[in-house]
Structure formats: structure tokens, C-alpha cells
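The structure appears right after this line, and notes come after that.
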Amino acid sequence: MLDIARADSAAFGSPDGVDIANHLIDESGLRVGFARRRGRGAGINPSGRYEPFARSTFDDGWNSLEDLPAFKTEVQVEKPKTIITRNASPDISFDRSINPYRGCEHGCVYCFARPSHAYMGLSPGLDFEAKLFAKPNAAKLLEQELAKPGYQVRSIAIGTNTDPYQPIEKRYGLMREILEVLEAANHPVGIVTKSALVTRDIDILSRMAKKGLARVALSVTTMDRRLARAMEPRAATPEKRLDAIRALSDAGIPTMVMTAPIIPGLTDSEIERLLEAAATAGAKEAGYVLLRLPLEVSPLFKDWLLRHYPDRYRHVLSLLRSMRDGKDYDAEWGKRMRGTGPYAHQIKRRFDLATKRLGLNLDRQPLRTDLFTPPLGSGVQLSLL
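Residue numbering for the sequence shown follows the working numbering, starting at 30 and increasing by one per position.
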């Protein structure tokens, strides 16, 4: 997005560069009016990178912009042929995952999954958090895939792309159906979420945890409610997430806190405080990821930072680029999650010292795979022989 790039250059060009940058974006027509995007994380809705045309809004003199409807959550049904996604990334600890939803209503402005909405011909901006896709046949597909001859059991990760407990889960209940299939098959699962709705499924998760089959991670990025509201507008409040950690831990479910993403110059000062709060709530493990700005996420985050924290714009971006070889993002394996350089080392050192002091990550047991029993339910194709 050329207008965001120009604004970014202007922000670093003079003492009043941030004001100029905001003016440039306002004049570009990229920003969506506050009334239309109220309660959303992104402030712009640029065309996806695969679209032949880029579109922007402007006032043609008829004051018709005020008549445009607000962005309301719309859910379409998607019917995939498979539900387990596989990867070979050396940066993550799992090789398979499930995403019952595409897009995420939580609206976290920094979400690295936003660019995936371009594959649907939609914007990674406001469309990502307002135009969602649900996969109502997810549990049935999972049952079929687990029953295939030769299926090799390894832990399935859920919530690593979009949140399985986002608000529309209350309506569709896909995550609970998936857990029911996994429990019946004694299949291990690891869940990552920002939602307190995960406590709804404590009954299933606690039974699985007793067998060594379940682990839950809550992502807590900040304890500042104002910042959380602006950055993750429809996710649970920080306090609710800590309450969820406590409820899960009390139910005997291994619980982890993810201080992710860490945003230099904005949330990195809270590392120790977040870990202490999570450990007090009952978390036994912790992890972190440095802010990632791939593809369209970079201009979306820059626009957000200029709107909400213009005084920190240059500081945040300068620190981030110092850990990304001078770029907004470095996708190289081994670097993209943690960054490089002195500041990245300082973050890692602080995190390691805090987790050691708090007794976190001392005894992480792998989830069991030896209890697996292939499903034989209604969604499974029976053998003819």
C-alpha cells in the first residue's frame, strides 16, 4: 500500500512527521470512518493482494459517506473436503492443526493470519474480522480423517491461526463438537485462545487431561485494559483470560500463558508482570513470540499505531526493525518468531529469568499418543471387506 509507505517515510522525516503521516492517510481515503468500524481493530480495508484493482473511499461532494453501513459480522458456510492442515515448519512444535473458522471476530490488529483472507478475495483489514467463514462439517471430517488406515497420531493444535473460541463459537459450537470427536478417539490436542469461552468445555478437557491428552494456552498480551481494548477489541479482557487460566488449572488441565506477541516499545515492559499474574493464576508453562508483520499486517499495524499511539510510532518501529535486520519483518526460519540483535536478546533474557524465578517450564510432559483408538462413528466410511 503506497499511501501507508509514504506515511511511514514521512513519520521518520521530520519532528512533526507523525502528524504529517496521519494527514497523508486521512487524505488517501484508506481510513474507514469511526462509526462504520466501531468495535473493530483495523482502521482500513484495503483490497487483497490478489485483486486486480485497489479501491479507496472518498467524498464526491454529496456527503454520501455517512450513508455507508457499518461493518457487521457476517458468517458464510464453508464446506472443505479435509479439516486437518499439515505443516513442516521448523519454528513450531506441531505438524498438524485445525481451524474451524476462517477470519476472526476478535479483531486483533497484529494478527499474522490476516493475509490469509486475501485467498478468499477479501481484505485482510476489516473484512478479516467482519466477513467470517464457519466449517460446520468440521467434526465429521475430523472423524473420517482420524479413521483412515495408516493415520499416525501426533498432537493436533487448534487456535494457532484463528481463534476457535471467538464470539461466533457461541452460536455454532464447532469447537465442542471437535473436542467430542477427539475425546472419543483418545487423541491429544493443544489449544491456544484469547477467549474465556474455553472454560465452557472444562468438562471434556479435564477428562482428557486426566489421560494426558489435553493442554490449553491463553494468550495474554497486556494488563492495560485500554490498550487491550484498542488492540484486541472483541477478545476477552486480560482479567477474564487470567480467570480462565485459574479455572482450567483448578480443573487439572495443564495451562500455559503465551505473552504473544511482544510489541517492543509498547508491551515489552510488561513481560515480568504478565508472567507473574499468570503463574499466580496457576499457569505452569509460558512462551512468547515477537510481533510479526507479514504482508498486509505491516500497513494495518502502522495505521493502527498512528491512530492510537502516534507518539510511540517511531520508537516502536525503530526497535522492531533493529530486531528484523532493518525491515518490518524477516520471514527466515529461526528468526521470525524471536528476532535477532541486542534488543531481541534482552527480551529473551528477561523472559528466561522471569520464568525461572517463577518456576515455569520446569516439567513439561508431552501429550500421550499411545491411547488412540480410531473412530467408528456415523461419519466414518466402513470397510467393504
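The beta-carbon is built from N, C-alpha and C at its ideal position, and this holds for glycine as well.
Taking each of Thr222, Leu303 and Ile233 in turn and checking the Cα distance to Ala273, the smallest one comes out for Thr222. Here the C-alpha atom of Asp37 lies approximately 30 angstroms from the C-alpha atom of Thr189. By the Cβ rule, the stretch 249–258 does not count as touching the stretch 226–233, because fewer than three pairs are nearer than 8 angstroms.
The beta-carbon distance between Leu247 and Pro129, rounded to whole angstroms, is 18 angstroms. This is too long to meet the 8 angstroms contact definition.
With respect to the C-alpha of Arg66, the residue from Phe100, Asp45, Met285 and Asp357 having the closest C-alpha is Phe100. Burial state of Arg270 is buried, judged by a 10 Å Cβ sphere holding 16 or more other Cβ atoms. In the structure shown, the three-state DSSP call for Met287 is strand. Scanning its chain for C-beta atoms nearer than 8 angstroms, with the 5 sequence neighbours on each side dropped, one finds around Glu134 the residues Thr102, Glu158, Ala159, Leu161, Gln195, Pro196, Ile197 and Arg263, in chain order.
Considering only Gly363, Arg336, Glu361 and Arg353, the residue with the shortest C-alpha distance to Ile54 is Arg336. The beta-carbon separation of Phe141 and Val326, rounded to 6 angstroms, stays under the 8 angstroms limit for a contact. Shortest Cα-Cα distance from Arg379 to any of Asp297, Ala243, Asp120 and Leu59 involves Asp297.
Note that the C-beta distance between Trp362 and Asp120 is below 8 angstroms.
DSSP places Gly316 in the strand class (E or B) of the three-state scheme. DSSP places Lys377 inside the alpha helix (DSSP H), whose first and last residues are Pro371 to Leu387. When only Cα atoms are considered, Phe401 and Glu212 end up about 9 angstroms apart.
Leu97: not part of any beta strand (DSSP E); DSSP gives it neither H nor E. For Thr309, there is no enclosing beta strand (DSSP E); the enclosing alpha helix (DSSP H) has its first and last residue at Ile300 to Ala310. Contact between Gly154 and Ala64 is absent: CB atoms are separated by about 17 angstroms, not below the 8 angstroms threshold.
Scanning its chain for C-beta atoms nearer than 8 angstroms, with the 5 sequence neighbours on each side dropped, one finds around Pro328 the residues Met30, Ile33, Ala34, Ile73 and Pro75, in chain order. In terms of Cβ geometry, Pro395 and Ala214 do not form a close pair [threshold 8 angstroms].
Secondary structure note for Arg67: it is in no beta strand (DSSP E), with a DSSP letter that is neither H nor E.
The three-state secondary structure of Ala243, taken from DSSP, is strand. For Pro290 against Arg321, the beta-carbon gap comes to about 7 angstroms, under 8 angstroms, which counts as contact. Arg275 and Ala310 do touch by the CB rule: their CB atoms are close to 4 angstroms apart, below 8 angstroms. Distances from the CA of Thr111 to each of Ala373, Leu97 and Lys164 were compared; the closest alpha carbon is that of Lys164.
The residue among Ile282, Arg341 and Lys377 with its C-alpha nearest the C-alpha of Leu319 is Lys377. Met237 is not a Cβ neighbour of Val138, given a cutoff of 8 angstroms. Cβ contact annotation for Asn51 (same chain, cutoff 7 angstroms, sequence separation greater than five): Leu335 and Pro339, in chain order. In this structure, Ile220 and Pro193 form a Cβ contact; the two beta carbons are roughly 7 angstroms apart against a cut-off of 8 angstroms. Scanning Pro178, Ser235, Val182 and Gln375 for the CA closest to the CA of Ser278 turns up Ser235. Sorting Ile292, Ala39, Lys177 and Ala83 by C-alpha distance to the C-alpha of Gly58 places Ala83 at the top.
Collapsing the DSSP output to three states places Lys169 in a helix. Residue state for Tyr139 is assigned as coil, using DSSP reduced to three classes. Gly150 is positioned such that its CB atom lies no closer than 8 angstroms to that of Arg69.
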